[in-house]
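Here's the structure we're looking at; comments come further down.
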Amino acid sequence: MTPSVFSPTGIRFENIDKRYGGLYALRRVSLDISAGECVAFAGRNGSGKTTLLRIAACLVRPSSGSVSFLDRGKERGGTLPPAGFVAHATMVYDELTAEENLLLFARLQGIAEPAARAEALLREVGLLERRSSLVRTFSRGMRQRVAIARALLNEPAVVLLDEPTTGLDPQGAHWFAETLRHLRDSGRTILMSLHGESEVSTLATRAIQLDAGAVVADTRTGANFRSVLAFANA
Amino acid sequence: MALLSNATVLLGKELRTEFRSRELLTTTTVFVLIVIVLFSFSFDPTSEESRRFGAGLLWLAFLFAASLMLQSCFLREQNSDTLSALRLSVSDPFAIFLAKVTANTLFLLLTELLLLPVFAVMYNVPVLPSLHWLVLVCFLGSLGVSIAGTALSAISAQARMRELLLPLLLLPLLTPILVASTEVTAALFDRSPYVQWKGVGFLAVFDLAFLTILWLLGEYLVEE
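So the sequences go chain by chain: F and Y.
Sequential numbering from 1 applies to the first sequence in the numbering used here.
Sequential numbering from 235 applies to the second sequence in the numbering used here.
And the structure:
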């Protein structure tokens, strides 16, 4: 990974409620995530993991409550969240090449020397030789590599991962776990929702279980930590 | 400045993906061509009838073609959730709309300019004497269709019956554009062509008003 220039950032969720009509996706979720933590969210389908991550990415507006990014305890300003987001959907254009995708998002984010940044990231994710290939010709694993490169374009202090290894083969999942280890060791704050991903879950330093939109377990060590992670891997 | 620079980058992406796949241009051009040819064979209009009814036929064909084109405008962003990636990358979501409106206007205008000569030949209506005014009407009409259509495409893309919803919302909303464009075009097809400034002014005001509404509400249209 390239040398990092981000500022360590934590996240605070305060009394987050999210309703879709009469249905509660999240109920009074309050969490303090410290800078550098690697948090694994576990829970059944529909427990609110994805909604919470999309609220953290500022893609979904909470019905009530607030989310703030903290730089050394102080709230960060800016119109865009300092977060990179990787989801099950790749969020890249199939009709563009890997390089064109990265250049597009680098230019939109106002990154200096977008071509150099795109090249560096393509090298890191092992796609430099396929830089001129259309994304639609890529395998699921290669598309996810492009997705990770896109998420890391602006050196985000926070990385949000929503079931990122779904559909990856064991080799792809292993590569992803190694990449995540580098990101965690570089001091980034990582929030990830898991669903049967054992190798990735071992990187977590904190495990939070959601049920029906509420936090039912929040643990860092001990048997409870392992049981929450085991739930994620079930 | 960030708004214009982001819109320019996104417009480049829209043009690149379209000219690579040619999905929209091919579909709309073929659709309008079929309508023009079918009407010509069905009614076999005289030159005088074409001057009276041709403008209406032409704009109806453009409008239906536009509803086909605009359908996929935001649906394409949902295939791989690229709309979320765009929202995470641009500080002002209006840049996304500005790029899409410009691209849709260009695609529509290109379709219209390609098919005007075909219309002129099949309906025996001379378009060359007032071509520059026709281009202006086509531009203002296409811009209005694109602004309203792009906004509605963003709304309908999130709905369950999305394929049905867009034409149902779009066609009534664009009736004023259809009427004004048809009247101005009919005046230009006249034996003594003239510019109907009232219609041109109406089109310009419609475009400006809808662009302002889109600028004010754009942020909410792309929200989940």
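Note that CB positions come from ideal geometry on N, CA and C, so glycine has one too.
For R61 (chain F), at least one C-beta of chain Y is nearer than 9 Å to its own C-beta. Rounded to the nearest whole angstrom, the CA to CA distance from L121 (chain F) to L153 (chain F) is 8 Å. L104, F105, R107, L108, Q109, G110: these are the residues of the stretch 101–123 of chain F whose beta carbon lies less than 8 Å from some beta carbon of chain Y, given in chain order. At a Cβ-Cβ threshold of 9 Å, V352 (chain Y) and I381 (chain Y) do not count as neighbours.
Sorting Y:L238, Y:S387, Y:L350 by C-alpha distance to the C-alpha of L317 (chain Y) places Y:S387 at the top. In the DSSP assignment, Q209 (chain F) forms a beta bridge with F:A42, F:A217. Interface flag for T251 (chain Y) against chain F is set, since a Cβ pair is found closer than 9 Å. Here V228 (chain F) is buried, its C-beta having at least 16 other C-beta atoms within 10 Å.
Put simply, the backbone Cα of T261 (chain Y) is about 14 Å away from that of I270 (chain Y).
Within the stretch 93–138 of chain F, the complete alpha helix (DSSP H) segments of 4 residues or longer fall at 98–108, 114–124, listed in chain order.
For E283 (chain Y), no Cβ of chain F is located within less than 9 Å of the residue's own Cβ.
Using a C-beta cut-off of 8 Å, the stretch 209–225 of chain F makes no contact with the stretch 311–328 of chain Y, since fewer than three inter-stretch Cβ pairs fall below that distance. Straight through space, the alpha carbons of T242 (chain Y) and L407 (chain Y) are spaced by roughly 28 Å. Taking 9 Å as the threshold, the shortest C-beta distance from S255 (chain Y) to chain F falls below it. By the criterion of a C-beta distance shorter than 6 Å, N15 (chain F) is surrounded in its chain by R28, S30, G65, once the five residues flanking it on both sides are discounted. When only Cα atoms are considered, D162 (chain F) and A57 (chain F) end up about 11 Å apart. Collapsing the DSSP output to three states places V359 (chain Y) in coil. In the displayed model, E14 (chain F) falls within a strand according to three-state DSSP. Note: V159 (chain F) is bridge-paired with F:G84, F:I190 in the DSSP secondary-structure output.
Relative to the Cα of V429 (chain Y), the nearest Cα in the group Y:T416, Y:D441, Y:T409 belongs to Y:T416. Annotation for E199 (chain F): A173, H174, A177 place their beta carbon closer than 7 Å to its own, counting only its chain and skipping 5 residues before and after. Between R206 (chain F) and V39 (chain F), the C-beta gap is smaller than 9 Å, which places the two residues in contact.
Between the C-alpha atoms of N240 (chain Y) and Q109 (chain F) there is a straight-line separation of about 8 Å.
In the displayed model, S30 (chain F) falls within a strand according to three-state DSSP. Comparing alpha-carbon positions, the option among F:R140, F:A230, F:S133 lying closest to H88 (chain F) turns out to be F:R140.
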